[in-house]
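33 is the number of the first residue of the sequence shown in the working numbering; add one for each residue after it.
Cβ atoms here follow ideal geometry from the backbone N, Cα and C, with glycine treated the same way.
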Amino acid sequence: MCGDLRTMISESLSELERRGDIVITSSLAGDVTNFLHERLRMILPNEELIVQELVGLRSLINHAIADERFFDWEMPTLTGIDREAFARIAVKLPKS
33 MCGDLRTMIS
43 ESLSELERRG
53 DIVITSSLAG
63 DVTNFLHERL
73 RMILPNEELI
83 VQELVGLRSL
93 INHAIADERF
103 FDWEMPTLTG
113 IDREAFARIA
123 VKLPKS
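#1: If we ignore side chains and look at the alpha-carbon of each, how far apart do residue 34 and residue 41 end up?
#2: Taking residue 60 as the reference, give the member of 45, 86, 100 and 85 with the closest Cα.
#3: Which stretch, first to last residue, makes up the alpha helix (DSSP H) that contains residue 45?
#4: Taking the alpha-carbon positions, what's the residue 83 to residue 126 distance?
#5: Quick one, are the C-beta atoms of residue 57 and residue 38 less than 8 Å apart?
#6: Tell me whether residue 111 is buried or exposed, calling it buried when 16 or more other Cβ atoms sit within 10 Å of its Cβ.
#7: Check each candidate in 106, 89, 109 and 105 and name the one with the smallest Cα separation from residue 119.
#8: According to DSSP, is residue 102 part of a helix, a strand, or is it coil?
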C-alpha cells in the first residue's frame, strides 16, 4: 500500500474517474491533488507518518490494552487515556 498521501490522493482520483464516479475538468489533475493534499494536511497529525507506521501503532495499542500486565491501573495516570479511549483510538487507525 502506498504511504505517500499525495500519491494516494492522485491514484484515488484517477480510480474514481475511471469508474465514472467523478469527472475532473481541470486540465491539470495535479492541481486537484495538490488542493486536497493541502487541506488534508491541516487535519492530519503529521504527513511523515506512513500507512505502515499507523498500522503498527494500531497493533501496538491493541496489544498493550489486551495485556493486563502492561496496561495496569497506573497506565491511565501515565498516559492520561484509559483502556476504552485507547480502543477507540485504535479503531480510527488503518488496519492494513
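Here's the rundown:
#1: Bear in mind that a pLDDT of 41 at residue 34, under 50, signals an unreliable position, so the number given afterwards is only what the model happens to contain. Each residue's alpha carbon lies about 10 Å from the other.
#2: If we check each option's Cα against that of residue 60, 45 comes out closest.
#3: 37-51
#4: 7 Å
#5: no
#6: exposed
#7: 89
#8: coil
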